[in-house]
Amino acid sequence: MLTEYHCHVLPGIDDGSDSVETSLAMLSLMQAQGVERVVFTPHFYAHREASVEAFLEKRQAAFEAIRERSPIREMHLGAEVAIEHGLSELPGIEKLAVSGTRMILLELPYREFRPWMPEEVYNLTAEFGLKAVMAHIHRYLAYYNKEEMERILDLNAVFQINNEAFGSLSQRSFVKKLIRQEYPLVFGSDAHDMKERRPNWDLLLRKCDSAVIEQANRRLERYRTE
Ligand SMILES: [Fe+2]
Numbered sequence: 591m592l593t594e595y596h597c598h599v600l601p602g603i604d605d606g607s608d609s610v611e612t613s614l615a616m617l618s619l620m621q622a623q624g625v626e627r628v629v630f631t632p633h634f635y636a637h638r639e640a641s642v643e644a645f646l647e648k649r650q651a652a653f654e655a656i657r658e659r660s661p662i663r664e665m666h667l668g669a670e671v672a673i674e675h676g677l678s679e680l681p682g683i684e685k686l687a688v689s690g691t692r693m694i695l696l697e698l699p700y701r702e703f704r705p706w707m708p709e710e711v712y713n714l715t716a717e718f719g720l721k722a723v724m725a726h727i728h729r730y731l732a733y734y735n736k737e738e739m740e741r742i743l744d745l746n747a748v749f750q751i752n753n754e755a756f757g758s759l760s761q762r763s764f765v766k767k768l769i770r771q772e773y774p775l776v777f778g779s780d781a782h783d784m785k786e787r788r789p790n791w792d793l794l795l796r797k798c799d800s801a802v803i804e805q806a807n808r809r810l811e812r813y814r815t816e
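Residues 591 to 816, numbered by my numbering, are exactly what the sequence shown covers, in order.
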């Protein structure tokens, strides 16, 4: 069951889809590309939101706007949670886990490595028994040296790969190394719209070994809570 683990499809909640029509077009394209299950992961920035509860209400309203018309029937609600200093102590943070699972998608900041970054991930997952899914880990090759990347890879986490990584030589070779070393991976389009950042599952299916994709699809089952 081809599973989208990272996308900005819910309408009007972040810098992703700007309308119900765009959301439905994105879902139809995903379906045409073979996606059978989708995890919605709008951005969550603790410093911008009034509270986790307020975010969850907004997310629910955005979901209700497309729920009945979605061509993909298995849908989970999550968030792409930006790692900030003190995030693990934010009240209700555990509610941002992917619905029906104990996975939580975490986005490292786009800046140089700091030791508090893996510490926040560790604290959050240890405190609530969650499984961290580190968003588009290949993007941080631009910010981290080898040792710093190792610190992140040493987290007992799942690593999410954007399909687009297979379109870049350096990122693809990094991802292939992760595959060879048997890190637990999941894939996502990180789609935001129907333009430059549209669903791109065709690229992944063309470039990545089907057994690796299958393993990634099944990973959600492993962390199901219901
Ligand atoms: Fe994203």
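Built from N, CA and C at the ideal position, the CB exists for glycine as well.
*asked:* Within the continuous beta strand (DSSP E) that includes Phe630, where are the two ends?
replied: Looking up residue 630 in the sequence shown gives position 40. Element bounds for Phe630: Arg627 to Phe630.
*Provide the residue span of the alpha helix (DSSP H) that contains Leu793, from first to last.*
Here residue 793 corresponds to residue number 203 of the sequence shown, with the count starting at 1. Here the alpha helix (DSSP H) through Leu793 covers Trp791 to Lys797.
*For Ala722, name the three-state secondary structure that DSSP assigns.*
Along the sequence shown, one-based indexing puts residue 722 at 132. Ala722 falls in the strand class under three-state DSSP.
*If you check the beta carbons only, do Leu696 and Asn753 fall under 9 Å apart?*
As a first step, residue 696 is located in the sequence shown; it is residue number 106 there, counting from the start. As a first step, residue 753 is located in the sequence shown; it is residue number 163 there, counting from the start. No, the Cβ-Cβ distance between Leu696 and Asn753 is not below 9 Å.
*Starting from Leu667, trace the beta strand (DSSP E) both ways and give me its first and last residue.*
Counting from one through the sequence shown, the residue named residue 667 turns up at place 77. Element bounds for Leu667: Glu664 to Leu667.
*Beta-carbon spacing of Gly602, Phe630 below 9 Å*: Residue numbering aside, residue 602 sits at position 12 when the sequence shown is read from its first letter. Residue numbering aside, residue 630 sits at position 40 when the sequence shown is read from its first letter. No, Cβ-Cβ distance for Gly602 and Phe630 is not below 9 Å.
_Those runs of the alpha helix (DSSP H) which lie wholly inside the stretch 618 to 697 and span at least 4 residues_ = 642 to 657
_In whole angstroms, give me the CA-to-CA distance for Ala806 and Pro774._
Taking the sequence shown and counting its residues from 1, one reaches residue 806 at position 216. Taking the sequence shown and counting its residues from 1, one reaches residue 774 at position 184. Roughly 8 Å between the two C-alpha positions.
*Round the Cβ separation of Val765 and Ala781 to the nearest angstrom and send it over; I've been treating them as touching at under 8 Å.*
Translated into the one-based positions of the sequence shown, residue 765 becomes position 175. Translated into the one-based positions of the sequence shown, residue 781 becomes position 191. In fact, because the Cβ distance is near 18 Å, the residues do not count as touching under 8 Å.
*Among Lys797, Ile742, Arg812 and Val625, which has the Cα closest to the Cα of Pro705?*
Numbered from 1 along the sequence shown, position 115 holds the residue referred to as residue 705. Looking at the Cα atoms, Ile742 is the closest of the given residues.
*Looking only at C-alpha atoms, which of Leu614, Leu686, Gly778 and Leu810 sits nearest to Glu648?*
By one-based count along the sequence shown, residue 648 stands at place 58. The identity of residue 648 in the sequence shown is Lys, whereas the question assumes Glu. Among Leu614, Leu686, Gly778 and Leu810, the Cα nearest to that of Lys648 is on Leu686.
*Roughly how many angstroms separate the alpha carbons of Leu698 and Phe645, rounded to a whole number?*
Stepping through the sequence shown from its first residue, residue 698 is reached at position 108. Stepping through the sequence shown from its first residue, residue 645 is reached at position 55. Near 20 Å, if we compare the C-alpha coordinates of Phe645 and Leu698.
*Per DSSP, the bridge partner or partners of Arg814*: To locate residue 814, count along the sequence shown from 1; it is residue 224. Answer by DSSP bridge pairing, in chain order: Thr691.
*asked:* Quick check: is any heavy atom of ligand 1 less than 8 Å from the C-beta of Asp608?
replied: Locating residue 608 in the sequence shown gives position 18, counting from the first residue. Checking every heavy atom of ligand 1 against the Cβ of Asp608, none is found closer than 8 Å.
*What residue from Leu600, Leu677 and His637 has the CA that sits closest to Leu617's CA?*
Counted from its first residue, the sequence shown places residue 617 at position 27. Here the closest residue by C-alpha is Leu600.
*Select from Ala651, Ile656, Ser678 and Arg809 the residue whose C-alpha is nearest the C-alpha of Asn713.*
Here residue 713 corresponds to residue number 123 of the sequence shown, with the count starting at 1. Per the Cα distances, Ser678.
*Can you tell me whether DSSP reads Ala747 as helix, strand or coil?*
In the sequence shown, the residue the question calls residue 747 occupies position 157. Three-state DSSP puts Ala747 in coil, outside helix and strand.
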